[in-house]
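Have a look at the structure below, then the notes.
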Amino acid sequence: MRMSKMFSQTLREAPSAADCKGYEFLLRAGFIRQMGAGIFSLLPLGYKSTAKIEGIIREEMDSLDGQEILMPLVNPADIWKETGRYYSIDKEMSRFNDRRGSDMVLAMTHEEDATSLGRTEINSYKKLPQLIYQIQTKWRDDARPRAGLIRVREFTMKDSYSFDRDQAGLDEQYKKHYASYFRIFSKAGLPVIVVGADSGMMGGKVSHEYMYLSPIGEDTIMTCEHCGYTANKQVAKFQKKYYKEEAKVIEKIATPDCKTIVDLCNLLNIETHQCAKAVFMMATFINDKSGEEEEKLVVAQIRGDLDIEENKLQNILKANSIRPAHEEEIRAAGIVPGFGSAIGCSDKAIIIVDDSVAKSNNLVAGANEEGYHLLNTNFKVDYTGKVADIASAKNGYTCSVCNHELKVSKGVEVGNIFQLGTRYSEAMNCYFTDIDGKSKPVVMGSYGIGVGRLLATLAEEYNDERGLSLPISVAPYQVHFLSLMKDKEIGEKIYTDLMAAGIEVLYDDRKESAGVKFADADLIGLPIRITLGNKSYIEGSAEVKLRSNLDETFNYSLDTLVDDVKKEVKKLQDEITNNIVHKELEI
RNA sequence: CGGAAUGUCGCCUAGUGGCUAUGGCGCUUGCUUUGGGAGCAAGAUAUCGGAGGUUCGAGUCCUCUCAUUCCGACCA
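Counting in my numbering, the final residue of the first sequence is number 687, and the numbers go up one at a time with none missing.
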């Protein structure tokens, strides 16, 4: 490609919206342009990189016997009503009516489509297992797009869907994806860790997320360096301390103006772990069949030294959403905010008790009476409720596996794998006849990789103060060839020779000063740079530099330039191949 | 969806009620230059996001609206 003909231009100054380095350079180098909030165009350079990423993904999916298909972006709402997600997903899914007035949606993922295809194509165990995948546009009307391609509304995603006879089959396809994703990310050059995850709206059981660790990330991840335990904070387990003692008799005491745990501890001269804190939430339950909504008050009882992890609570409740309750809603159940507890309200609210409370004794809790608390409250004696882990993991907490310290980090989710089980096949009647003649629901899995997000994280990982420096596997071209000579013919010949040798070249043939050409080459950051100038030409050579190390210069003889560059390309590619991560899931 | 901020040429930016709206980058033309974002000269490009209002006078003040960004809620 000749730079004189290239559609995009580089920007000397960063547009003000660029809030992180990777985004700034993708804009300045001319990879992407914004159209609206969370809506981007890929320019030629960005599209080339994206195509390379997709190539890596295709190669891997094909190696898992995946078959590429393409499902529609616009879906009739009917299939989404079948699974209930038409009702349970809020404004994030965009809906509209077609000219006949039919309900339509823009697909934000394709479980419904895939299951719909599955039920028409798969009728016998003989057709299983299957794996289909697509690389396709998704639309999610996210309330808060940010950080360039990191969090967008319209994006390209590779999503695959597995179909199996049974759990064992699913386990196998799941494991294959688990290992394959490590290969994909390492081929692209992105360091990732895998974490145990919440399955969120997918509604499955087992799931993992692939995280690129970075301060720009929005997900919070707990890791244990000692044993390797990693989990999304939303589901992270940790080892709690329990304070077991002889149960004493409950006693009411006056605690005027003590509305917080800290006030209470100061007044009574006790530790926070000797209190039981009540957190009041409103949970929304949506009926999958009718779409009817119901709100219920939830009292979450947790020990005073811990905080509620709302995500864990929502999962225990199997609620569609939860939010903090308003004061009037709390009072309506006869509970006094500031002096509230689960005691005496089992008929008015759902009570969830963290095991920290269930396994401790003689905790101080609210008396549900203005200005009073209760000493020595004990679970099961004074109140009951469902016991679960609803506590939020924090930095420095103890790992539940090995008792070492957990560390908190930020990450960007670039991929995920879910075991869906029969959630979708049962809801959508995707059944097959097994060898025993019985009709059984297909066991499914779904697996996603955000293509644009992967480009964004790569740009974040591979940059310096001058610009991008993408690995050769995902860079838009392998070689940037700068001719600084007045004589155009020599440059043209080298360009033509490089192209003929199958090397991907961006040729800077513009009438620009050397400084401009160097600055743009730094910005776009192609892995190998060839510079042809008068000085080196007289010596019969050209200069070669690697973008990853601009301080070092090699002089390549013009006679053997093409072959030498070809070797250099091969060398860089081999480095990536040699560093492919092989990691298996142990279940 | 709550809170905040910002909209001036393709990008960055000046502007604090008063003449024909700054400057830089980029763009066009010519000459010079050609190893790190060149120099000289001449040009073009802005209904100051939109609508309404206050005022003798509005880019500037007010109201509404649209858009974008940030913080939070949310998020595969």
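We treat Cβ as the ideally placed atom computed from N, Cα and C, and that holds for glycine.
Can you list, in chain order, the residues of its chain with a C-beta nearer than 8 angstroms to that of Met-301? Leave out the 5 residues immediately preceding and following it. In this predicted model, Met-301 has a pLDDT of only 48, less than 50, meaning its place in the structure is not dependable; the value taken from the coordinates is given anyway. Contacts found: Arg-185, Ser-188, Ile-189.
Leaving out the 5 sequence neighbours to the left and right, which residues in its chain are closer than 6 angstroms to Gly-608 when beta-carbon positions are compared? Position check: residue 608 holds Asp in this sequence, whereas Gly was assumed. Excluding positions up to five away in sequence, the list reads Met-103, Leu-582, Lys-617.
Taking just the CA atoms, how far does Lys-538 sit from Pro-245? 47 angstroms
Every unbroken beta strand (DSSP E) inside the segment 421-487 [3 residues or more]: Whole beta strand (DSSP E) segments, 3+ residues: 421-424, 450-454, 463-469, 472-477.
Give the single residue among Ala-247, Pro-356, Gly-591 whose Cα lies nearest to the Cα of Val-512. Residue Ala-247 is the option with its Cα nearest to Val-512.
Considering only the beta carbon of each residue, do Met-528 and Ser-163 sit closer than 8 angstroms? no
Kindly indicate which residue of Lys-494, Leu-672, Val-574 has the alpha-carbon position closest to the one of Ile-321. Lys-494
Name the residue from Arg-265, Arg-195, Asp-203 whose alpha carbon lies nearest to the alpha carbon of Lys-227. Arg-265
In the DSSP assignment, find the unbroken beta strand (DSSP E) run with Val-574 in it and report its ends. Neither: Val-574 is in no beta strand (DSSP E) and is coded neither H nor E.
Secondary structure at Asp-266, three-state DSSP: helix, strand or coil? coil
Would you mind reading off the limits of the beta strand (DSSP E) that contains Lys-238? 230-239
Taking only runs of the alpha helix (DSSP H) that begin and end inside the segment 593-634, which ones reach a length of at least 4 residues, in chain order? 614-624
Three-state class that DSSP yields for Ile-353 in the structure shown: strand
Proximity winner among Glu-371, Met-599, Asn-175, Tyr-472, relative to Tyr-577 (alpha-carbon distances): Nearest of Glu-371, Met-599, Asn-175, Tyr-472 to Tyr-577, Cα basis: Met-599.
Residues bridged to Leu-206 (per DSSP): Note: Leu-206 sits in a beta bridge opposite Val-174.
Should Arg-253 be labelled buried (16 or more other beta-carbon atoms within 10 Å of its own) or exposed? buried
Output needed for Glu-604: all residues of its chain with C-beta closer than 6 angstroms, excluding positions within five of it in sequence on either side, in chain order. Tyr-577, Gln-578
Am I right that Ala-465 and Ile-416 are in contact with their C-beta atoms under 8 angstroms? What's the rounded C-beta distance? Actually they do not touch by this definition, with Cβ atoms about 20 angstroms apart.
Quick one: Cα of His-277 to Cα of Ile-630, how far? 39 angstroms
Would you mind reading off the limits of the alpha helix (DSSP H) that contains Phe-125? 121-128
Whose CA, out of Met-135, Leu-143, Asp-119, Asn-678, lies closest to the CA of Ile-624? Leu-143
Rounding to the nearest angstrom, what Cα-Cα distance links Phe-479 and Val-457 in this structure? Rounded to whole angstroms, Phe-479 to Val-457 spans 7 angstroms at the Cα level.
Going by C-alpha distance, which of Leu-111, Arg-251, Glu-589 is nearest Ala-129? Closest option to Ala-129, judged by alpha-carbon separation, among Leu-111, Arg-251, Glu-589: Leu-111.
Within the chosen definition, does the segment 382-397 reach the segment 438-451 through at least 3 CB pairs nearer than 8 angstroms? yes
Counterpart residues of Gln-167 in DSSP-defined beta bridges: Ile-232
To which residues does DSSP link Pro-541 through a beta bridge? Tyr-531
Between the alpha carbons of Ser-314 and Thr-323, how many angstroms are there, rounded? 14 angstroms
Beta-carbon gap between Ile-90 and Val-514 smaller than 8 angstroms: With the chain running from 101 to 687 in the structure shown, residue 90 is simply not present.
Using CA atoms only, rank isn't needed, just tell me which of Met-106, Phe-131, Cys-120 is closest to Leu-570. Phe-131
At the level of alpha carbons, what is the spacing between Gln-339 and Phe-255? The alpha-carbon atoms of Gln-339 and Phe-255 are separated by roughly 39 angstroms.
Spatial distance of Glu-325 from Asn-332 (CA atoms): 15 angstroms
Per DSSP, cross-strand counterpart(s) of Met-382: Leu-397, Arg-423
Given a threshold of 16 other Cβ atoms within 10 Å of its Cβ, counted over all protein chains shown, does Gln-374 qualify as buried or as exposed? buried
Within its chain, find whatever has a CB closer than 6 angstroms to the CB of Gln-294; leave out the 5 residues flanking it on each side and keep chain order. It is Val, not Gln, that sits at residue 294 in the sequence shown. Correct list, in chain order: His-308, Tyr-310.
Hey, out of Asp-241, Ile-350, Lys-635, whose CA is closest to Ser-194's CA? Asp-241
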